[in-house]
Amino acid sequence: MRCYPTKSQPSSQLPAQPVAQKQTVQTPSTTTPAPYRTDYELSGSYVSLECPSPPGPPACGPDGRRGDPQARLANYLRTLYTELALKEPVLPSWVHPVAPGVLCPARLEPELRLHIHSHGLNEAIGVDQILTPVQTKDGPFLEAPRRVLIECPPWVTRGALALRILHGWSREPPWPQRGQPVALALFLPLAELRGTIANYIGKELLPRGPPNPFASGFGGFSAAWNSLEALKGKLLIVLDGYDVQCKSARKSKAMPKDVIDLLEGRLFPEARVILISVTASCTELLPLMQRHITFEGLVWGRSVSLLGGGQWGAPTRLIDTVQSCRHLRNIARTTLGCLAIAAMYESSGGELPTDELDVIASVFNCVAANSSHTQLTELGRLALFCLKTKRSTVTTAELKMYCSAPETNIAGCLDRAQLFGRTAKRKSEHYYTIICPGLAEFLAANYIVSLANRPGLLAAEIAGLAVGDEVEPEILKVLNFAMALLGARAHLLLSKLTPLWLSPQTIFSLALAGGETEANLTALCEMLGISKSPPVPPLEAKPIWVSIKSTLSELQGWGLAFKSPTCTLKNLELVYQMEKNLLLESRNVMDIFLDALSKNESVTTLRITSLIENEVRDSDINYLASCISKALLKPRLESFELILTLLEEDPPILKLQSVVTALCRTIPRQPKLSNLSLDLGLCTSQLVQICATLEKCPHVTRLSLPHLRCERGAVGALAALLTVRPLSYLGLPSSWGARDDPPSSSGVSMGSGSGSSSGNSGLIKQSSLTGAPSPRSYPAGIFSSLPRGVLSSTANMGRSATLPRQPMEGPPDKRSTDSVISRTWYPTPACDGGPHNSGTLHELLLAARDTYSRLHGLDLSKAQLSLEDSMCLGETVRVSTTLHSIKLEGASRLSEILPTVLGASESPCLQMMSLGSPRIALEDAAVGMSARALGSCITLRLLSLDGWSFRIENVGTLASVRGFLSLTSVRELGLNNCRLNMSMFKSDVPVQSGAYECRSVVNLKLAGAQIIFSDHLSMKGPHMLPYLVGFVNLRELDLSAPSRTGFGSTSSTPLILCDKDIVAFFNTLNNHFSHLNTLKMCNWIIHLDEAARTLKSVAKLLRSSPLSHVKLDGAVVTDRPKKQRIEPQFLHTFLANLPLLRWLGTTLHGLSEEQITTLGNYCGDMRGMEMDVRLSDSTIENARLMTSSLGMDGKFDIRVSTFGTSNSILIHIEKTSTKSLSRK
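Position 697 of the sequence shown, counted from 1, bears residue number 697 in UniProt numbering, the numbering being contiguous throughout.
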């Protein structure tokens, strides 16, 4: 006869539950027989754990059962887990009656999904599949894991999920049904764990007295515990409360060592582990896990059942409303959330809110009815503390500490977790979680709102929200709710958000929540830095632009800002992102933005750019044209720039015809428009159409057409426009030649783009050179050069690549005798009339030099110019009586700019000439010719030759240079990145004082310039100062070194300055530059051997210095013996000793927190008025460290701008009661 053992612990023998829990669970009166297989597995009688069943039943009898401690422990735990899973929770008073047993953990239906980032898919799985192999729908097969992490949101009660898993094991073995079954499951609530795991199970989880399975004395708990190792993979351990243990308020309370050993595989290495934790603690656990599952709340079917009180009887209207509203659906992801929605639906007569804030406010009014404002703010303070510290639970002690009346209705916002251990039950150490998502943020927002009238506390609380570099999404939702709750008073909060380093998009979302009151809009403009003129550094010439992308958030936010009367923004760029499937909502937002822009009176310069993809619809281009028309009609619009780029390789000529038509229709209706720039690939017919429109617009005086194809018809239209409606400025930068133009004499085709050469094409007629032989007598291509873009960097050049090379034969003193520019005299540039054989600009330049022309400025930078066009331009510069400025930047051949330089010698009115290019290299003859020509232009005031290379091998050439310096009337001379090769001198030859005397230049720019001598040594930066002592009236000097990082950086060997160099530099400044008030010394590298002594000497020299403006961007100062960076001490030398200092600017990178704090302390000794410090690759915390000591005494006005990025923070420090002072 066979005997089958049964479960040994009836429900009557379980430990008594707390008295407060009045509801009990009625268990069946009969015990359920367990299969013999379970006990046989526990006995460890067979070796293979994969064996599905034993070969026979175990030996039966009282003695046999009492002798198996594992079996007794397993049977008791099955009964215990069943009892706990079937027990009804204690419900709050606001919950309406529900069907019995509906809310117990055993009925929980969780929505579990594989984590998308860990497994690459987000497939739903059931509770019984947590430990089993999974065949996904998409194909991948996931093996059975040994360790599983279940990631939970902070608003779920994780103990219920643990009991649901354990109930699956205890209900009907084997579990799981697929794969290796679990023989014994242990549950460890880590929040209650005080000692070892064995101590908790034996003394806390197991009861005392007769209910204890080991009370009979046959095999104690120690024997059962010691035998668990033999179970290997059949042992399951479920852990909950890892986040509670890690984020405990008691710092001395560390994670128990055996828990760490269990997680890291030293304890029960082959056991299976399920760890349930919140998102905040998952990052550190992922390396230890093999499967990552997310718990997303209740499945929708279970939510529907709970909405009907636990039965399938909920009203259809209620279910449809919840399913269609995302915010209600989120609330319905928890059990109490579903019950709250049902109670709200019943009390409101079938009406439910749909806005997120209204939904959560209705939930609060339902679960915490009649709560006082004090109770709300107290619990909100606790909620904000938990959100900042990423805690998901609070203890009873914390609840009593924060809340004066925790037992009132306000407790309805919290869900009390179940206790398992004897000590925890005795001490009532309950843990609470929020009942639904969003409610914690709502409570915290109410606490923030309560501080609105207490600015000091509000500012301190806001400053405490920025724990790291980024603000967490939960904190942003708190701020969003607070802005919405404040409404018209939202500006009180918005004005305090500067320390949070928020992006403009985040600021916009907060401003939209607050509403459009005048005070709120003013605070928004202050946050964006456009409420008053921003602190532009005095040495910055570029205007400040704000770029807006056509996204919903940016359009809505900037639309709000433009409605404010305090907006002072001048320059605006709109990046129109054309989408193939443009939604109606996007177009509506764009229309709202344009309406707000049309009411704004501060923006005077508008730029619209768009990158148009292939196969764009005509309707989208038509809508873009309508947006351009609306923007053009903005009041007080003075400058408009349109840049449209077609990605299509060969687009139709009239692809953008609707845009051109819109421009022609709108420009005459904008009377304030004076500056127009159009870069949209205009064809000849479209340009003729625009010119015909501009003939009727006398208010448009400046026209720029970048990248224009200069067909003869297009040039004729522009020439006619210059004649009929005189323009003051015309820009054709990067313009192309006509398609049918022959290749230029330089070997670069002007039209087709081919690289072929056509012999004598492009050369001028004999009569064009007055008193000179015909150029045709010279070899063809004397001005030839490599095509644009082919030349190597000037740093690697030997001799000039733009001039003819010296012949291999002939006497050494006869160099390039067949070159025009080698002669002591030079031809006068002239044009013999048109049309030109190559080039199409004759008609335009002829109109520009007409007696009645009003053209003052001409920009042909990077334009393709034939030799005939260049000569024609030279004549225009020579004879024009109105042309004040000419820009020919980016030229690749000397022939493009030489006629203009020669023509400037006879110009009666030219004032500004910008010829910067890194591809221009001049030898002796060209240097002498250019120096004589430029020195003869008595009206020239600004000259820029940035990037040029000069190779001087003849001492006579220096006489020409000295003549230019002594005769010129130039006030500002730009020689940035120039190279002067002086092969006749060595670096050790002393320079005579006043050898290069110049009394007219007051602004000299030598950033990156260098002098190279015959011994291949070069002088850079401060070493060039002895050559400049003849510039006696110099007021601004730039000796910056090239940047070592970023755009335009250099890879050449940097100049490292020593103690002697620095002292000699400032000594020379004091002795020879008595009028100098502005000094730029950026990117210097200074290594000091005697730092204290050197800085003391520099400080003594600075006390008698006339400097008022100093710029020190990117300077690196090192104390070499100590191997420490001492930029703060170097800056302090200037701040504390310059008697006339008005402004100092610096950019710092890579400083430690201690150095930044030291610099902040040094700023308090500033003798000047203003200071700008830009911290690169830094955090807002460093800005706080620097400004903390300055903001205490109230002597400084401090403004911190983050520009919405994480790599640059600008700190503007200004002494109070002083105005921003410009330079003398």
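Note that the Cβ used here is the ideal one computed from N, Cα and C, for glycine as well.
query: Residues near threonine 393 by beta carbon distance below 6 Å, same chain, minus five either side; result: Val244, Tyr431, Thr433
query: Residue-chain proximity (arginine 272, chain D), Cβ-Cβ < 8 Å; result: Reference to chain D is not applicable here, since this structure consists of a single protein chain.
query: DSSP bridge partner residues for histidine 292 (one or two, in chain order); result: Leu149
query: Which residues DSSP lists as bridging proline 110, in chain order; result: Leu298
query: Presumed contact (8 Å Cβ cut-off) between threonine 609 and lysine 570, rounded CB distance; result: Actually they are not in contact, since the Cβ atoms of threonine 609 and lysine 570 sit about 18 Å apart, beyond 8 Å.
query: Isoleucine 197 burial status per 10 Å Cβ neighbour count (16 or more: buried); result: buried
query: Reduced DSSP category for aspartate 946 - H, G, I as helix; E, B as strand; rest coil; result: coil
query: For proline 105 and histidine 167, believed in contact at Cβ under 8 Å, the rounded distance; result: 7 Å
query: C-alpha distance - leucine 732 paired with leucine 678, whole-angstrom precision; result: 10 Å
query: Start-end ranges of the beta strand (DSSP E) lying completely within the segment 386-467, minimum 3 residues; result: 414-416, 431-434
query: Arginine 329 versus leucine 399: straight-line alpha-carbon distance, rounded; result: 29 Å
query: Of the residues Glu229, Ser547, Val156, the one placed nearest glycine 438, counting alpha carbons only; result: Val156
query: Assigned secondary structure, valine 273 (DSSP; H/G/I helix, E/B strand, else coil); result: strand
query: Reduced DSSP secondary structure (H/G/I, E/B, other) of serine 1014; result: coil
query: Given 8 Å, three or more beta-carbon pairs between the segment 199-214 and the segment 231-242; result: no
query: Contacts around lysine 22, its chain only, beta-carbon distance under 6 Å, and the 5 residues preceding and following it disregarded; result: Model confidence at lysine 22 stands at a pLDDT of 38, short of 50, so the residue's coordinates are unreliable and nothing is read from them.
query: Top-ranked residue by Cα proximity to lysine 655, from Ile628, Glu641, Gln686, Leu633; result: Gln686
query: Check whether alanine 484 and alanine 440 have beta carbons under 8 Å apart; result: no
query: Cβ pair methionine 1171, leucine 1144 closer than 8 Å; result: yes
query: Residue from Leu1004, Gly1008, Val1029 whose Cα sits closest to the Cα of tyrosine 996; result: Val1029
query: Beta-bridge pairing of tryptophan 1143 - partner residues as DSSP gives them; result: His1109, Glu1170
query: Valine 1173 classed as buried or exposed, judged by whether at least 16 other C-beta atoms fall within 10 angstroms; result: buried
query: Pairwise C-alpha distance: arginine 1142 and glycine 1168; result: 4 Å
query: CA nearest to the CA of aspartate 1015, picked from Arg999, Met982, Ala1007; result: Met982
query: Endpoints, the beta strand (DSSP E) within which glycine 731 is located; result: 729-731
query: Secondary structure of methionine 1186, DSSP reduced to three states; result: helix
query: Buried/exposed call for serine 735, threshold 16 Cβ in 10 Å; result: buried
query: DSSP beta-bridge partners of lysine 1020; result: Gln1010
query: Residues of its chain near leucine 845, where Cβ-Cβ distance is below 7 Å and the 5 sequence neighbours each way are ignored; result: Cys872, Leu873, Thr876
query: Buried/exposed call for glutamine 577, threshold 16 Cβ in 10 Å; result: exposed
query: Counted within 10 angstroms of its Cβ, other Cβ atoms place leucine 611 as buried (16 or more) or exposed; result: exposed
query: Buried versus exposed call for glutamine 135 [16 or more other C-beta atoms within 10 Å across all chains shown]; result: exposed
query: Beta-bridge pairing of methionine 913 - partner residues as DSSP gives them; result: Ile886, Leu943
query: Element boundaries [alpha helix (DSSP H), containing aspartate 924]; result: 924-936
query: Contained beta strand (DSSP E) runs [length at least 3] in the segment 586-616, N- to C-terminal order; result: 605-612
query: Entirely enclosed beta strand (DSSP E) segments - the segment 968-1006, minimum 3 residues; result: 972-974, 979-982, 1003-1005
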